[in-house]
Amino acid sequence: MAPVLTSLSPSSGPATVFSSVVITGSGFANVGPLSVRFGTTATTFTIDSDTQITAISPTGTGTVNVTVKVELDGTSNGLPFTFV
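Below you can see the structure in the form of structure tokens.
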């Protein structure tokens with residue numbers, strides 16, 4: 001089953017500086033290789049628990065969807081993140 005995202009904190013961040021974003025949801029632990037994307041850009045992250053990931057937002061512009069992809073189970077729903 002694909003992961004499910006319920007919230008981002010914060011849901012916006014600086015356009016030119018990397019910042020920490022906490023992703024809350026389910027299906028993050030013990031599922032095999034994961035990737036976290038801000039739009040089409042993959043980023044670094046730490047799996048804190050089955051319900052929380054801490055990711056580093058890349059630099060960017062506008063609003064993009066944040067998604068979590070599990071290699072064997074599919075891609076989560078997207079949540080908007082706005083670069084300010």
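For the sequence shown, position 71 (counting from the first letter as 1) is numbered 71 according to UniProt numbering, and the numbering increases by one without interruption.
The beta-carbon is built from N, C-alpha and C at its ideal position, and this holds for glycine as well.
Note that the structure is a prediction, hence the values are computed from the model and not measured.
If you compare the alpha carbons of Glu-71, Thr-41 and Ser-26 with that of Ile-53, the shortest gap goes to Ser-26.
DSSP places Leu-8 in the uninterrupted beta strand (DSSP E) bounded by 4-9.
Nearest to Thr-43 by alpha-carbon distance, out of Ala-55, Val-84, Val-64 and Gly-74, is Ala-55.
In the displayed model, Leu-79 falls within a strand according to three-state DSSP.
For Ala-29, no beta strand (DSSP E) segment is defined, and its DSSP state is neither H nor E.
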